[in-house]
Amino acid sequence: MQEFRPAVGIDVGGTKTHLRAVTGTETVADHVRTSHGWRPHDPAAATEWLAALVEEVLPARVAPAAVAVGAHACETPRQCEEIRRALEARLQVPCLVVGDAELLVPAAGLDKGAALVAGTGSVAVGRRADGTPVQVGGWGAVLGDEGGAAGLVREAARAVWAAHDRGEDPDPLARLLVASFDVPEVPALGAALESATDLSAEWGRHAPVVFEAAEQGSVLAHRVIDDGGRALASLVERLAARGAAVDDVVVAGGTILSRPALYSAFAVALTHTLPLARPQPLQVAPVEGAVAFARSLLRPAGT
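Take 768 as the starting number for the sequence shown in our numbering and just add one per residue.
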């Protein structure tokens, strides 16, 4: 009977995956593990990874009624649709696959709005009135991810290099970056950055020193944070320019939610350019959005 089969929501993040299965108000399963082995650019491998997760976590002899997935690095509608079709064929139940940032709006209990994520990287997503998805940002540590942890570190390094070129003495940001990267002087930061094998993760872990330097009075660090906040606001502005609804902006990500200075810089910049937009931090786990999507797959059409 379908009423005893759970709606399954899965949030596949860059580092951890959260599965939650519910029937009515009862939680059947709630499971968190690493995202090791997740390969979203290989639809067959991604499908088997997701199916194995569902089959392993759900109780014995319990099959899902519907499965919705918010998938990290599922960057285009075509890519998500390929995984969705394969997963639906594999599990023989209705399935939905979207980018993981798309979970934020339904997780917040909203029918429409934009989502902004600033963790290691940064991205914003929304939908036009006809339901067409729009994504901006998320271009990685080398070319983008402004306002995310890796982007902040990249811009901090650029700021201290520029100060060094101007002949200025190292300020707190320069001193803390040099110590964090364990190099002897500012010019050596370049080799340290370029030697990283996983740029986003390895650069991003140094982001706390940017905020520490700001607390110590570094003008450069304050400028990097303010610029990061403006860059995040510009992602929402691009969504609006492309016709996406941005009246409500749900904000998530460890970097922006744990750093009031960055959130404030973002909110102030957003107020200047989109004064009617209402930013709000996400208060629940993003997997709640996946559960909401899974429930929606079970509703009769038109309800």
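We treat Cβ as the ideally placed atom computed from N, Cα and C, and that holds for glycine.
Closest Cα partner of residue i within the set the options
i, options, result
"Glu869", "Arg787, Cys841 and Ile850", "Cys841"
"Ala968", "Ile777, Arg772, Pro773 and Gly781", "Gly781"
"Leu1024", "Val986, Ser889 and Ala988", "Ser889"
"Ala827", "Glu848, Arg772, Gly866 and Val1051", "Arg772"
"Ser802", "Thr792, Thr794, His785 and Ala929", "His785"
"Thr794", "Glu848, Glu1004, Thr964 and Leu825", "Leu825"
"Ala963", "Arg921, Arg1045 and Pro807", "Arg921"
"Gly914", "Ser1063, Pro1042, Ala796 and Ala1028", "Ala1028"
"Gly866", "Gly905, Asp797, Glu855 and Gln859", "Gly905"
"Pro1048", "Pro1042, Val1018, Arg1026 and Lys783", "Val1018"
Close Cβ partners of residue i (< 8 angstroms) along its chain, the five nearest in sequence each way excluded
i, result
"Leu1006", "Ala881, Ala891, Val892, Gly893, Val901, Val903 and Val1013"
"Val950", "Leu956, Ala958 and Ala959"
Element boundaries [alpha helix (DSSP H), containing residue i]
i, result
"Gly996", "Val986 to Ala1008"
"Val977", "Pro975 to Glu982"
"Ala1032", "Pro1027 to Thr1040"
"Thr792", "First-last for Thr792: undefined, no H or E at that position."
"Ala812", "Pro810 to Val824"
Cβ-based neighbour list, residue i, same chain, cut-off 7 angstroms, excluding 5 preceding and 5 following
i, result
"Leu1065", "Ala774, Ala832 and Ala833"
"Glu979", "Leu943"
"Gly804", "Trp816"
"Ala853", "Pro810, Ala811 and Thr814"
"Ala1000", "Phe1033, Ala1036, Leu1037 and Thr1040"
"Val953", "Val927, Trp928, His931, Pro937, Ala941 and Val945"
"Val745", "Outside the displayed range of the chain (768 to 1070) lies residue 745, so it cannot be described from this structure."
Assigned secondary structure, residue i (DSSP; H/G/I helix, E/B strand, else coil)
i, result
"Gln846", "helix"
"Thr964", "coil"
"Thr1022", "helix"
"Met768", "Residue placement at Met768 is flagged as unreliable, the pLDDT there being 40, under the threshold of 50; a coordinate-derived value is accordingly withheld."
"Gly957", "helix"
"Ala833", "strand"
"Ala774", "strand"
"Ala1012", "coil"
"Ala853", "helix"
Boundaries (first-last residue) of the beta strand (DSSP E) holding residue i
i, result
"Arg942", "Looking at the DSSP string, Arg942 is not in any beta strand (DSSP E); the run it does join, the alpha helix (DSSP H), is Pro939 to Phe948."
"Asp1015", "Asp1015 to Ala1019"
6 angstroms Cβ shell around residue i - same chain, five flanking residues per side excluded
i, result
"Ala916", "Thr887, Gly971, Ala974 and Thr1022"
"Leu966", "Ala908"
"Arg997", "Ala1036"
"Gly918", "Asp912"
"Met768", "With a pLDDT of only 40 at Met768, under the threshold of 50, the placement of this residue in the model should not be trusted; the figure read from the coordinates follows. So the list is empty, once near-sequence residues are dropped."
"His798", "Leu786 and Val824"
Item to complete: Go through the stretch 866-934 residue by residue and report every complete run of the alpha helix (DSSP H) that reaches 4 residues or more, in order.
Response: Runs of alpha helix (DSSP H) with 4 or more residues, each lying fully within the stretch 866-934, are found at 871-874, 907-910 and 916-932, listed in chain order.
Discussion item. Please give me, in chain order, every unbroken run of the alpha helix (DSSP H) with length at least 4 that falls completely inside the stretch 1039-1066.
Written reply: Here the runs fully enclosed are 1054-1064.
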